[in-house]
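To start, the structure under review is shown below, and the notes come after it.
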Amino acid sequence: LLVAAGVSVWPNESAGNQEEALEAVQLMIELGDVVTTVDDHGDSALHGSVMRGSKELTLFLLGQGAELSHVNECGWTPLTIAQGVFYGNLGRRFPELEVVLLELGATSPVAPGSPPPYGEPGYPARCGR
């Protein structure tokens, strides 16, 4: 479910096109995967769908009960990612997804337990900037 949604897909890898990703996620949920599952770094399928820039997949996951403002180990919510903060980001933002998430009540606060700010001791190196 997580990989199909776009989690842990790195440059030069393909997680399929948007339609294939949606079909794969739908199948995984039909087979019993839990939409709120997270990886070792706290990324959820919703984080992945936003990293993909997929409005359809994002709305599907939310309709299945994905947590709108789940915070990963870097302190990022899906909204944070839509606003242009994610692994290996090269200035990509997803304004359409940002609007959708905000309309649904998403927040991007500094959550309790979030890592310290970038550059401070204890900030996870894998989170980059």
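The numbering used here puts the first residue of the sequence shown at 13, with every later residue one more than the last.
A virtual CB, placed ideally from N, CA and C, is assigned to each residue, including glycine.
Supposed close pair residue i, residue j - CB separation, criterion 8 Å
i: residue 114; j: residue 80; result: About 10 Å separates the two Cβ atoms, so there is no contact after all.
i: residue 30; j: residue 71; result: Contact flag wrong, Cβ pair sits at about 12 Å.
i: residue 77; j: residue 49; result: That pair is no contact at about 11 Å.
i: residue 109; j: residue 94; result: 4 Å
Nearest candidate by alpha-carbon position, reference residue i, set the options
i: residue 32; options: 86, 73, 110 and 16; result: 16
i: residue 88; options: 62, 46, 116 and 44; result: 62
i: residue 65; options: 133, 96 and 86; result: 96
i: residue 52; options: 111, 35 and 86; result: 86
i: residue 75; options: 133, 34, 139 and 119; result: 34
i: residue 139; options: 107, 112 and 98; result: 98
i: residue 111; options: 44, 67 and 46; result: 67
Burial state of residue i (16 or more Cβ within 10 Å)
i: residue 42; result: exposed
i: residue 39; result: exposed
i: residue 55; result: buried
Contact check, residue i vs residue j, beta carbons under 8 Å
i: residue 37; j: residue 57; result: yes
i: residue 18; j: residue 60; result: yes
Bounding residues of the alpha helix (DSSP H) (the contiguous stretch that carries residue i)
i: residue 72; result: 67-75
i: residue 59; result: 57-64
i: residue 113; result: 107-115
i: residue 42; result: 30-42
Any C-beta of chain D under 8 Å from that of residue i
i: residue 119; result: Of the chains in the structure shown, none is chain D; there is only one protein chain.
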